[in-house]
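**Student:** For the record, in the sequence shown the residue sitting at position 30 is 625 according to my numbering, with numbers rising by one throughout.
Glycine is no exception: its CB is placed at the ideal position from the N, C-alpha and C atoms.
Values in this document were obtained by computation on a predicted structure and should not be read as measured data.
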Amino acid sequence: MTMADFSPSHFDWHLDGGVATIRLARPERKNPLTFESYAELRDTFRALAEAEDVAAVVFASNGGNFCSGGDVHDIIGPLTTRDMKGLLAFTRLTGDLVKAIRGCPQPVIAAVDGVCVGAGAMIALASDLRVGTSGAKVAFLFTRVGLAGCDMGACALLPRVIGQGRAAELLYTGRTMGGDEGERWGFFNRLATSGELDAAAHELARRLADGPRFAHMMTKTMLHQEWSMGVDQAIEAEAQAQALCMQTQDFHRAYEAFVSKTVPRFEGN
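1) With contact counted as at least three CB pairs below 8 Å, one residue from each stretch, are the segment 645-656 and the segment 612-631 in contact?
2) What separation, rounded to the nearest whole angstrom, lies between the Cα atoms of G741 and F654?
3) Please report the straight-line C-alpha distance between M841 and R725, rounded to a whole angstrom.
4) Let me know the secondary structure DSSP gives K625 once reduced to three states.
5) Any idea which residues DSSP pairs F630 with across the strands?
6) Excluding the 5 residues preceding and the 5 following L736 in the sequence, name in chain order all residues of the same chain whose CB lies nearer than 6 Å to its CB.
7) Buried or exposed for M596, going by 16 or more other Cβ atoms inside 10 Å?
8) What would DSSP say about F606, mapped onto helix, strand or coil?
9) Taking a contact to mean a Cβ-Cβ separation below 8 Å, would you say F685 touches L692 in this structure?
10) Does the distance from the CB of V710 to the CB of G777 come in under 8 Å?
11) Among the candidates T788, R618 and T738, whose CA atom is the shortest distance from the CA of L766?
12) Distance check for S855 and A751, CA to CA, integer angstroms please.
13) Distance, Cα to Cα, R687 vs G748?
14) In the structure shown, what three-state DSSP assignment does F809 receive?
15) Quick check on DSSP: helix, strand or coil for C711?
16) Whole angstroms is fine: what's the gap from A743's alpha carbon to A763's?
17) Going by DSSP, what residue range makes up the beta strand (DSSP E) through G760?
18) Would you kindly report the start and end of the unbroken alpha helix (DSSP H) that includes V693?
19) In terms of residue numbering, what span does the alpha helix (DSSP H) encompassing R802 cover?
20) Do the CB positions of G730 and G774 come within less than 8 Å of each other?
21) Compute the Euclidean distance between the alpha carbons of R618 and A804, then round it to the nearest angstrom.
22) Which of helix, strand or coil does DSSP assign to K815?
23) DSSP puts D611 in a beta bridge; with which residues?
24) For S663, which residues in the same chain have their Cβ closer than 8 Å to its Cβ, ignoring the five residues on either side in sequence?
25) My guess is that A832 and Q820 are in contact by the Cβ rule of under 8 Å, so how many angstroms apart are they, rounded?
26) Looking only at its own chain, which residues have a Cβ that is under 7 Å from the Cβ of H797, when we skip the five neighbours before and after it?
27) Taking F606 as the reference, which of A634, A620 and D600 has the closest Cα?
28) Between the C-alpha atoms of N864 and C699, what's the straight-line distance to the nearest angstrom?
29) Note down, in chain order, each residue of its chain lying with its Cβ closer than 7 Å to the Cβ of S722, except the 5 sequence neighbours on either side.
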């Protein structure tokens, strides 16, 4: 399956040399999410599992902002009229987007500028790597609208990225974490200026896309699966995973390049 001709309805999509770029498409409103965009994003990340022409994904900002979360008029308002069954259908939909981002085999890089709040913060958190700017404003603001901080997997994911105490503070208070603080706390892998953010994220994505794709998929899989394993289980799981990687042609290409003192060209098989 290829995604060269993929044309979504609710966000922008661009594919260049194995790197896919996603941008939410309403910059004039700081890129809010709707019921439809949630579902289309979920389905897109699920489809990436079969996409032979996508090696890495950049979830980029648009118009100086990443994502303002669920649209107040298109989502928040209608939710106040739903019954429990309807509400659970929505919260499972949002959680399924996080599962799909974490479950796709490609590394996902969030390029975060400006507003990155609510569900937008969760999309960034669910990504494998995050590049931000000093002007990034990240907030898990669920408690500020009368909801629990445990949304879309926040209580599981955020403590693992920035630590339990820091995560608890952000989830209880809903306060904004700036870009510089986010880098100090480990939320952002690195910072760039707003003008250089896209280039920095795509340079990282290109580096990953040019690497051994099967091995990257295995690394992502084990990073996620080992959260629920004991150390002995993890060591055995990694032994099996690495043995599989040693059967790939990319492993042999790397050896041959080392012997000939050249740069290996990985092909993902």
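**Tutor:** According to the structure shown:
1) yes
2) For the purposes of this step, residue 741 is taken as residue 146 along the sequence shown, with counting starting at 1. For the purposes of this step, residue 654 is taken as residue 59 along the sequence shown, with counting starting at 1. Their Cα atoms are separated by approximately 28 Å.
3) One-based indexing of the sequence shown puts residue 841 at position 246. One-based indexing of the sequence shown puts residue 725 at position 130. Approximately 29 Å, taken between the alpha carbons.
4) Looking up residue 625 in the sequence shown gives position 30. Note: K625 maps to coil in three-state DSSP.
5) Counted from its first residue, the sequence shown places residue 630 at position 35. DSSP lists no partner for F630.
6) If you number the sequence shown from 1, residue 736 lands on position 141. Around L736: V712, G713 and G769.
7) Along the sequence shown, one-based indexing puts residue 596 at 1. So M596 counts as exposed.
8) Here residue 606 is taken as the residue at index 11 of the sequence shown, counted from 1. Strand.
9) Mapped onto the sequence shown, residue 685 falls at position 90. Mapped onto the sequence shown, residue 692 falls at position 97. The answer is no: Cβ separation not under 8 Å.
10) Within the sequence shown, numbered from 1, the residue matching residue 710 stands at position 115. Within the sequence shown, numbered from 1, the residue matching residue 777 stands at position 182. No, they are not a contact pair.
11) Locating residue 766 in the sequence shown gives position 171, where the first residue counts as 1. Closest option to L766, Cα to Cα, is T738.
12) Taking the sequence shown and counting its residues from 1, one reaches residue 751 at position 156. Taking the sequence shown and counting its residues from 1, one reaches residue 855 at position 260. Straight-line Cα distance between these residues: approximately 46 Å.
13) Position 92 of the sequence shown, counted from the start, is the residue given in the question as residue 687. Position 153 of the sequence shown, counted from the start, is the residue given in the question as residue 748. Whole-angstrom Cα-Cα distance: 11 Å.
14) To locate residue 809, count along the sequence shown from 1; it is residue 214. Looking at F809 - three-state DSSP - the assignment turns out to be helix.
15) Position 116 of the sequence shown holds residue 711. It is a strand residue.
16) In the sequence shown, the residue the question calls residue 743 occupies position 148. In the sequence shown, the residue the question calls residue 763 occupies position 168. Each residue's alpha carbon lies about 12 Å from the other.
17) Taking the first residue of the sequence shown as 1, we reach residue 760 at position 165. Here G760 belongs to no beta strand (DSSP E); instead the alpha helix (DSSP H) covers Q759 to T768.
18) Mapped onto the sequence shown, residue 693 falls at position 98. Unbroken alpha helix (DSSP H) run through V693: M679 to G698.
19) In the sequence shown, counting from the first residue as 1, residue 802 sits at position 207. Looking at the DSSP string, the run of the alpha helix (DSSP H) that includes R802 is L792 to A804.
20) Residue mapping note: residue 730 aligns to position 135 of the sequence shown, counting from 1. Residue mapping note: residue 774 aligns to position 179 of the sequence shown, counting from 1. Going by C-beta atoms, G730 is nearer than 8 Å to G774.
21) Position 23 of the sequence shown holds residue 618. Position 209 of the sequence shown holds residue 804. Rounded to whole angstroms, R618 to A804 spans 19 Å at the Cα level.
22) Position 220 of the sequence shown, counting from 1, holds the residue named residue 815. Here K815 sits in helix by DSSP.
23) The sequence position of residue 611 within the sequence shown is 16, counting from 1. Paired residues: V614.
24) Your numbering for residue 663 matches position 68 in the sequence shown. Correct list, in chain order: R624, K625, N626, P627, V710, V712, G713 and G715.
25) In the sequence shown, the residue the question calls residue 832 occupies position 237. In the sequence shown, the residue the question calls residue 820 occupies position 225. Indeed, because the Cβ distance is near 7 Å, the residues count as touching under 8 Å.
26) The residue you call residue 797 lines up with position 202 of the sequence shown. So the qualifying residues of the chain are V614 and V653.
27) Position 11 of the sequence shown holds residue 606. Closest by alpha carbon: A620.
28) In the sequence shown, residue 864 corresponds to position 269, counting from 1. In the sequence shown, residue 699 corresponds to position 104, counting from 1. Going from the Cα of N864 to the Cα of C699 covers about 17 Å.
29) Translated into the one-based positions of the sequence shown, residue 722 becomes position 127. Hits under 7 Å: F654, I696, V703, I704 and A705.
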